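If you use numbering that gives the first Met the number 0, the sequence shown closes out at 266, no skipped numbers anywhere.
In this text, a Cβ means the ideal position worked out from N, Cα and C, and glycines have one as well.
Please read all numbers here as calculations on a predicted model, not as lab measurements.
Taking it in order: structure first as structure tokens, then the write-up.
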Amino acid sequence: MSKLSLEELKNTATWYQELMVPALFEKWPDQILEEAKIKSAEKLLDVACGTGVLAIAGAERLGEKGFTAGLDMNPGMLAVAEKLAPDIEWHQGTAEDIPWGEESFDVVVSQFGLMFFEDKQKALREMFRVLKPGGRLVIAVFDSLDNIPGYKIMARIFGQVVGEEVEEALRFPFSLGEVDVLKFLCSKSGLTGAKINTCEGNARFPDVRTMVLADVKGWFPLARFVLDEYQIDEVVTKAESDLKEFVTTYGAVVFPMPAHFVTITKN
């Protein structure tokens, strides 16, 4: 299967920024940065930065004397991030091969990227490697799908209407939702002293169609899935019925979406 062109990647990233970031990701940076105990004038690296929501929040806290960099393998995401915050250093690369030397950063953060890394153990070791002594690593991953009812329902709907492969694509971002799995992963990576907290949060979409389109336009193209208008309409119709308990009087879709924070301090 051919790779997506840069323009296709940019288009998907634009939809991701417009539809997914406000609903799913904007609420977490303040909590992650608090967990990291970030201080002004420190050096911060955001790994798997996407369109930069966490890095931008970090740069605002660090002020003019601080330094912020974002790393992502997707040039489309980075193109959107650069437009949003041209003063931040955006770099294309992978978490398994971070292009900085040892002890380069005071804080390394990663928001909902760990599950997508090809070699998770190597990525964790790399993020730890670039931390200075006393530096803090904070990684956020979504809780298990069993604790996120809105997406559990949506995964089933996509499976029924489109197919099992699309259902699995929607399930994948929640694949590290078990605390025991996270503990084992940290241990196998040689990282000791990991603290894991579960933080409550909600997903909030303005309406059901926006929730459906967020995945159709902002996520599925990266997994090489394209839905036609008939399939989209069928998913929306079924979702409007099956998500009814999570739809507010004003039509917004709101449901629990807790996350786990993995925090490690480098001695």
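Within the same chain, Ala193 come within 6 angstroms of Cys185 by CB-CB distance, once the 5 residues on both sides are set aside.
Contact between the segment 90-106 and the segment 33-44 is established, with three or more Cβ pairs separated by less than 8 angstroms.
Exposed is the label assigned to Val225, since fewer than 16 other Cβ atoms lie within 10 Å of its Cβ. Scanning its chain for C-beta atoms nearer than 8 angstroms, with the 5 sequence neighbours on each side dropped, one finds around Asp86 the residues Ala58, in chain order. When the five nearest sequence neighbours on each side are left out, the beta carbons in the same chain lying within less than 7 angstroms of the beta carbon of Ala222 are those of Ala168, in order along the chain. Within the same chain, Cβ atoms closer than 6 angstroms to the Cβ of Phe254 are found at Pro148, Gly149, Ala202 and Phe245, the five residues on either side in sequence being excluded.
When rounded, the separation of the alpha-carbon atoms in Ile195 and Tyr229 is 43 angstroms.
The segment 48-118 contains, as complete beta strand (DSSP E) runs of 3+ residues, the segments 66-71, 88-91 and 104-110 (chain order). In this chain, the alpha helix (DSSP H) harbouring Arg170 covers Glu163 to Arg170. The Cβ atoms of Thr11 and Gly217 sit closer than 8 angstroms to each other. Taking the Cβ atoms as the reference, Val137 lies roughly 5 angstroms from Thr262, within the contact range of under 8 angstroms. A Cβ-Cβ contact shorter than 8 angstroms links Glu166 with Gly158. Taking all protein chains in view, the Cβ of Tyr15 is crowded by 16 or more other Cβ atoms within 10 Å, so the residue is classified as buried.
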